[in-house]
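*Asks:*
Residue numbers (this note's numbering): 13 to 522.
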C-alpha cells in the first residue's frame with residue numbers, strides 16, 4: 013500500500029507544519045483572426061510554455077529533492093540499530109539541524125523498513141508522526157495497524173482498529189486486520205471478520221480470499237481453501253495471479269497433479285501472466301520428481317516471458333538444481349549476469365547453494381573465490397555454504413581455510429560455522445581456527461559459547477594452556493568469574509604461566 017494521498021506536501025519543520033506552494037498550469041486557447049491578435053496570442057503561448065517548463069522543472073526538482081531527503085533520512089535512521097539511539101530522538105535532531113522532513117520522506121523510510129523487516133523502526137516513525145499530529149490517510153491507518161500487529165501483537169492491533177473513526181474503517185483497514193488474523197492462524201476471528209466484510213460489501217477482489225486460502229494451507233486444510241475458489245466463481249470474483257498460485261498449491265498438497273494441471277489449463281486461457289506462476293508449477297513438478305515436466309515449464313517461462321527480474325533467475329537456478337541439471341544452472345547464471353549486470357550477494361548465495369547441492373566442488377571453489385575477491389560486503393552465509401560442502405567431502409583443511417579467512421573479513425555470527433565443524437567427530441582443529449573461534453567468543457562476551465567449544469576441544473585432547481588463556485579472556489571481557497577454574501587447570505595438568513596467573517587473579521581469585 014502506498015503511503016500518502018495528498019495533493020499538497022506537508023512539511024514538518026521545527027514542530028510546525030506548512031504547505032508547499034503548488035503550481036497551476038493555465039492553458040490559453042483562442043483563434044484570433046487579425047495578425048496583431050495572433051502576435052499577442054503567440055507571445056502569451058510562448059510565455060505560458062516557458063512557465064510550464066519552469067513549473068515542470070520545479071516539480072521534478074521537488075520530487076528529486078524529496079527522494080534525496082528520504083534517502084538521507086533513511087540512512088540516518090538505519091544506523092540506529094548500531095548506535096542504540098531512538099528513532100524519535102534522531103528525527104528531532106534532524107529537524108534541529110535545520111532540515112525539513114516531508115511526509116513523503118517519512119513514508120519512504122517506512123516502506124524501506126517494512127521491506128527489510130525492521131518493523132520496530134517503522135513503528136517508531138509512525139508513533140512520532142502521531143505525536144506531531146500529522147494526519148493519517150486511510151492507507152496510513154492500514155499500514156500502522158499491520159505494523160502494530162507485527163511488533164506489539166494482535167490485541168493492541170485490535171484496540172487500534174476499534175478506536176479508528178468510522179470513515180477509516182473501510183475495506184483497507186478491515187482487510188489488514190483480516191490479514192493479521194490469518195497470519196496468526198486465528199481461524200474463528202478470521203472467518204467472522206470475513207463474513208462481516210462480505211456483509212459490508214468490502215469484498216470486491218481476490219485479496220480477502222487469498223488471505224483465507226493461505227490460512228487454510230498453513231493449517232493443512234487444502235479442501236477448505238478449494239471451496240473458497242468455488243465461492244469466488246459464484247460471486248464473479250476474478251482470481252489474481254496469487255490466487256492461481258494458491259489454487260495450484262492446494263491440489264499439490266492433496267498430491268493431485270492432474271488437479272494442478274487443470275488449474276494451469278484454466279490459467280492459460282486468462283490474461284494473467286507472471287513468472288511466479290511458472291516457477292510455482294515447476295516447483296510442484298520437482299517435488300513430485302517429474303523433472304522433464306519441470307524443465308519444460310521453465311523453458312516455456314524463459315521463452316514466453318523473457319523475465320528481467322533478478323528473483324526470477326534465482327528461482328530458475330534453484331529449480332534447475334532441483335532437476336539436477338547443472339548445465340542449465342550455469343546457463344541461467346550466465347543469462348542473469350548478461351541481463352542484470354552488477355551481481356548481488358543474494359545472487360551469489362543462490363548460485364553457490366545450487367552448485368553445492370549438485371556437488372560441483374570445482375565450480376563451487378571457483379565461484380566462491382570470484383565472490384570473495386569482488387564482494388563489497390562479506391556475507392558469512394556464503395562461507396558457510398562452502399564449508400558445509402567441503403566437510404561433506406572430508407575436505408577439512410580447505411574448510412578451515414575458508415573459515416579462517418572469514419574471521420578476518422567479518423564479525424560473524426560464526427555459531428553455524430562452529431556447529432558444522434563440531435559435528436565432525438574426526439575433526440582436529442588447527443591452532444589458527446581455535447584461536448579465531450575463541451577470539452570471536454571474547455569479542456561477543458559469550459562465555460557459554462566459549463565453554464561449549466572448550467568442552468569439544470577437551471574431548472579431542474587438544475585443550476592446552478593457550479586455549480585456557482583465551483577462555484579466561486572471554487570471562488574477563490564478560491565481567492564474569494569462574495571460582496573452580498584453578499581446580500580445572502590442575503585436573504587437566506595445565507602449567508600456569510605468568511600471563512595465565514594474572515588472569516586467574518581477576519577471574520578466579522584465591
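Note that beta-carbon positions come from the ideal geometry of N, C-alpha and C, so glycine has one too.
Since the model is a prediction, treat every value here as computed from it, not as a measurement.
What number of angstroms, rounded off, separates the C-alpha of residue 259 from the C-alpha of residue 160?
*Replies:* Distance between the alpha carbons of residue 259 and residue 160 is about 30 Å.
*Asks:* I'd like to know whether the C-beta atoms of residue 368 and residue 329 end up nearer to each other than 7 Å.
*Replies:* Cβ distance not < 7 Å, so residue 368 and residue 329 don't count as in contact.
*Asks:* Going by the C-beta, is residue 386 closer than 6 Å to any heavy atom of the ligand ADP?
*Replies:* As presented, the structure is devoid of all ligands, the ligand ADP included, so that no description of it is given.
*Asks:* Residue 107 by DSSP, collapsed to three states: which one?
*Replies:* Three-state DSSP puts residue 107 in a helix.
*Asks:* So, residue 190 versus residue 205, is the Cβ gap smaller than 7 Å?
*Replies:* Closer than 7 Å, so yes.
*Asks:* Which word fits residue 435, buried or exposed, when buried means at least 16 other C-beta atoms lie within 10 angstroms of its C-beta?
*Replies:* It counts as exposed.
*Asks:* Using the Cα positions of residue 165 and residue 139, report the straight-line distance between them to the nearest angstrom.
*Replies:* Those two C-alpha atoms are separated by around 16 Å.
*Asks:* Would the segment 347-367 and the segment 323-338 be scored as touching if the rule is three or more Cβ pairs under 8 Å?
*Replies:* Verdict: yes, contact present.
*Asks:* Please report the distance separating the alpha-carbon of residue 423 from that of residue 490.
*Replies:* Their Cα atoms are separated by approximately 17 Å.
*Asks:* Given a cut-off of 7 Å on the beta-carbon distance, is the pair residue 506 and residue 462 in contact?
*Replies:* Contact flag unset, no.
*Asks:* Going by DSSP, what residue range makes up the alpha helix (DSSP H) through residue 262?
*Replies:* It spans 253-265 - the alpha helix (DSSP H) in which residue 262 sits, taken as one unbroken run.
*Asks:* Give me the Cα-Cα distance between residue 360 and residue 394, rounded to the nearest whole angstrom.
*Replies:* Near 8 Å, if we compare the C-alpha coordinates of residue 394 and residue 360.
*Asks:* Exposed or buried, which one is residue 307 when buried takes at least 16 other CB atoms within 10 Å?
*Replies:* Per the 10 Å Cβ criterion, buried.
*Asks:* Less than 7 Å between the beta carbons of residue 262 and residue 218, yes or no?
*Replies:* No, Cβ-Cβ distance for residue 262 and residue 218 is not below 7 Å.
*Asks:* Measuring only the C-alpha atoms, how far is residue 515 from residue 439?
*Replies:* If I take the Cα positions, the gap works out to 30 Å.
*Asks:* Which of the three DSSP states, helix, strand or coil, is assigned to residue 512?
*Replies:* It is helical.
*Asks:* Measure the beta-carbon distance from residue 176 to residue 188 and round it to whole angstroms, keeping in mind my assumption that it falls under 8 Å.
*Replies:* Wrong, their Cβ atoms sit about 11 Å apart, outside the cutoff.
*Asks:* Alpha carbon to alpha carbon, what distance is there between residue 255 and residue 453?
*Replies:* Cα-Cα distance, rounded: 48 Å.
*Asks:* Check each candidate in 420, 390, 269 and 399 and name the one with the smallest Cα separation from residue 410.
*Replies:* It is 399.
*Asks:* Answer yes if the segment 281-295 comes into contact with the segment 237-246, meaning at least three C-beta pairs across the two stretches below 8 Å, and no otherwise.
*Replies:* No, the segment 237-246 is not in contact with the segment 281-295.
*Asks:* If we count the other Cβ atoms within 10 Å of its Cβ and call it buried at 16 or more, is residue 430 buried or exposed?
*Replies:* Result: buried.
*Asks:* Specify, as a first and last residue, the run of the alpha helix (DSSP H) that residue 141 falls within.
*Replies:* From DSSP, the alpha helix (DSSP H) with residue 141 extends over 131-143.
*Asks:* Distance check for residue 250 and residue 238, CA to CA, integer angstroms please.
*Replies:* Those two C-alpha atoms are separated by around 15 Å.
*Asks:* Of all the options 155, 467, 473 and 420, which has the alpha carbon lying nearest to the alpha carbon of residue 451?
*Replies:* Looking at the Cα atoms, 420 is the closest of the given residues.
*Asks:* Can you check which of these residues, 89, 97, 105 and 213, is closest to residue 119 by C-alpha distance?
*Replies:* Cα-wise, what sits closest to residue 119 is 89.
*Asks:* Should residue 441 go down as buried or exposed, given a rule of 16 or more other Cβ atoms within 10 Å for buried?
*Replies:* Buried, by the Cβ-count rule.
*Asks:* With DSSP run on the structure shown, which of helix, strand or coil describes residue 522?
*Replies:* Coil at residue 522, not helix or strand.
*Asks:* Can you list, in chain order, the residues of its chain whose CB lies under 7 Å from that of residue 234, leaving out five sequence neighbours each side?
*Replies:* Counting only Cβ-Cβ distances below 7 Å, and skipping sequence neighbours, we find 228, 262, 265 and 266.
*Asks:* For residue 100, which three-state DSSP category applies?
*Replies:* Reduced to three states, the DSSP call for residue 100 is helix.
*Asks:* How many Å lie between residue 290 and residue 274 at the Cα?
*Replies:* Cα to Cα, the separation comes out at about 14 Å.
*Asks:* Which parts of the segment 277-301 are runs of the beta strand (DSSP E), unbroken and 3 residues or longer, counting only runs that do not cross its ends?
*Replies:* Complete beta strand (DSSP E) runs here, min 3: none at all.
*Asks:* Short of 6 Å in beta carbon distance, which residues of its chain neighbour residue 433, apart from the five on each side in sequence? Order them along the chain.
*Replies:* Cβ within range, chain order: 439.
*Asks:* CA-CA distance, residue 497 and residue 520?
*Replies:* Taking the straight line joining both Cα atoms gives about 6 Å.
*Asks:* Kindly indicate which three-state DSSP category residue 503 falls into: helix, strand or coil?
*Replies:* Three-state result, residue 503: helix.
*Asks:* Considering Cα atoms alone, identify which of 183, 112, 197 and 305 is closest to residue 220.
*Replies:* Of the candidates 183, 112, 197 and 305, the one whose C-alpha sits nearest the C-alpha of residue 220 is 183.
*Asks:* Could you check the C-alpha separation between residue 403 and residue 376 for me, to the nearest Å?
*Replies:* Each residue's Cα considered, the two are about 13 Å apart.
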